[in-house]
């Protein structure tokens with residue numbers, strides 16, 4: 001539970017003035033580290049150093065606040081992670097930091113949540129968390145060296161549209177000339193599929209996200225994308241059995257989380273804008289931003305899509321959209337389902353946005369499409385500006 005907080009700190013929006021923000025980062029890192037070692041439901045002593053540090057700091061935080069119920073072991077701490085939303089932990093956190101559905105471990109699948117990954121990757125001590133950015137920057141460098149922006153777009157589309165590859169499909173990528181500049185990267189991007197995804201000798205992908213589904217004990221299936229789960233039970237995509245199974249590969253988790261996931265939202269928005277008859281370019285200027293939208297009167301929008309669960313972290317990362325390729329207006333866009341899942345998502349983003357990005361509005365995808373539609377119908381120049389915080393409704 002968030003305790004009373006310093007008014008000056010709240011006014012400045014400096015989360016680091018709250019002592020337990022760093023603890024949440026430590027907890028997220030511990031959960032990720034344990035998950036990388038195997039199942040979160042079973043592990044052996046000695047505990048990894050990060051996990052032991054998370055347990056010790058949580059116990060200390062509870063003692064300092066006079067809390068009687070304290071996790072006495074790592075299994076008890078992990079029980080808290082999947083049974084208690086972070087807003088119910090006895091920690092000193094910003095009042096808008098977490099909501100009732102914000103867990104570090106998914107209660108059903110017992111795997112780290114998207115929220116957990118976001119906190120981990122934003123931690124200052126999470127060197128491995130920079131992997132996704134290193135891959136993307138390396139791809140940019142290789143494609144620039146080859147003077148081939150189309151190869152960069154092909155690489156990004158591969159990560160977005162083909163997060164799972166059979167052995168045959170992996171061979172096909174090796175002979176794809178458009179991917180020639182980035183071939184050395186692909187072995188770092190894809191890894192063998194763990195047994196936890198297997199069900200009766202086969203594997204099933206999500207029909208929405210294209211990533212692998214996890215079979216649950218009750219016979220249901222679980223998709224790792226929060227936004228997908230909010231749409232209901234995941235539709236089945238490909239069923240991979242028999243000859244498809246040997247050599248089956250999937251993108252490593254950081255790329256699925258921070259490239260494939262947002263990328264799905266990007267290509268969905270691209271398709272919606274194209275249906276309006278607009279010219280849309282994905283990842284222009286070697287990914288200077290996500291979408292460059294050109295209207296019939298040559299007015300240009302620059303759009304970055306951010307499929308983040310936590311609006312405070314998103315706000316703290318806000319920075320102006322790069323000026324090239326040139327445009328007339330710019331904004332960030334979040335999927336409506338993501339905004340609706342957190343109380344006052346847009347307002348929380350704005351309160352945590354630094355002064356250097358004060359002019360960067362955040363809109364839902366529905367709001368952006370509505371503005372684009374109005375503009376194509378001759379409305380008097382709808383502009384990309386912050387709107388009232390209606391928590392992700394279509395007018396936001």
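Residue numbers (UniProt numbering): 1 to 396. Each residue gets a CB set at the ideal place from its N, CA and C atoms; glycine is no exception.
Burial of residue 23 is indicated by the presence of at least 16 other C-beta atoms within 10 angstroms of its C-beta. Closest in C-alpha terms to residue 150, from the list 180, 61, 293, comes 180. Restricted to the segment 80-159, the alpha helix (DSSP H) segments that are unbroken, complete and at least 4 residues in length are 114-121, 131-145, listed in chain order.
The three-state reading of DSSP puts residue 192 in strand, counting E and B together. For residue 261, the secondary structure class from DSSP, reduced to helix, strand or coil, is helix. DSSP places residue 33 outside any beta strand (DSSP E); the residue lies instead in the alpha helix (DSSP H), whose first and last residues are 21-37. With respect to the 8 Å criterion, residue 333 and residue 368 are classified as neighbours on the basis of their beta carbons. Two segments are said to touch when three or more pairs of C-beta atoms, one from each, lie closer than 8 Å; by this definition the segment 99-111 does not touch the segment 131-150. Contact between residue 290 and residue 303 is confirmed by a C-beta separation of about 6 Å, below the 8 Å threshold. Among the bridge pairs identified by DSSP, residue 251 is matched with 190. The beta-bridge partner set that DSSP reports for residue 333 consists of 305, 363. Residue environment for residue 360: buried (at least 16 other C-beta atoms within 10 angstroms of its C-beta). Shown here, residue 206 sits in a strand according to DSSP, grouped into three states. A Cβ-Cβ distance of about 6 Å is found for the pair residue 205 and residue 164, placing them in contact under the 8 Å criterion.
Rounded to whole angstroms, the separation of the alpha carbons of residue 315 and residue 169 is 39 Å. Cβ-Cβ separation between residue 132 and residue 115: approximately 17 Å, too far for a contact (criterion under 8 Å). When the five nearest sequence neighbours on each side are left out, the beta carbons in the same chain lying within less than 7 Å of the beta carbon of residue 148 are those of 181, in order along the chain.
Take residue 244, set aside five residues on each side of it, and the residues of its chain with a beta-carbon closer than 6 Å to its own are 166, in chain order.
Residue range 236-240 is occupied by the beta strand (DSSP E) that includes residue 239. Distances from the alpha-carbon of residue 208 to those of 223, 202, 371, 349 put 223 closest. If you compare the alpha carbons of 363, 341, 254 with that of residue 98, the shortest gap goes to 341. Of the residues assessed, residue 320 falls on the exposed side of the cut-off, its CB having fewer than 16 other CB atoms within 10 angstroms. Annotated as proximal: residue 352 and residue 312, with beta-carbon spacing under 8 Å.
CA-CA distance, residue 75 to residue 29, rounds to 16 Å. Each of 90, 146, 270 was checked against the Cα of residue 157, and the nearest Cα belongs to 270. The residues 71, in chain order, have a CB closer than 6 Å to that of residue 80 in the same chain once the five nearest residues on each side in sequence are set aside. When secondary structure is reduced to three states using DSSP, residue 216 falls in the coil class, being assigned neither helix nor strand. Rounded to whole angstroms, the Cβ separation of residue 227 and residue 307 is 6 Å, and the two are in contact under 8 Å.
Taking residue 213 as reference, the option from 197, 202, 201 with the minimal CA-CA separation is 197. Going by DSSP, residue 52 is part of the alpha helix (DSSP H) stretching over 49-64. Just so you know, the alpha carbons of residue 280 and residue 266 end up roughly 11 Å apart.
Put simply, the segment 238-258 touches the segment 187-194. At least three CB pairs are less than 8 Å apart. Just so you know, the alpha carbons of residue 240 and residue 153 end up roughly 27 Å apart. Excluding the 5 residues flanking it on each side, residue 371 has same chain C-beta neighbours closer than 6 Å at 382, in chain order. Under the three-state reduction of DSSP, residue 286 is assigned to helix. The beta carbons of residue 54 and residue 27 sit closer together than 8 Å.
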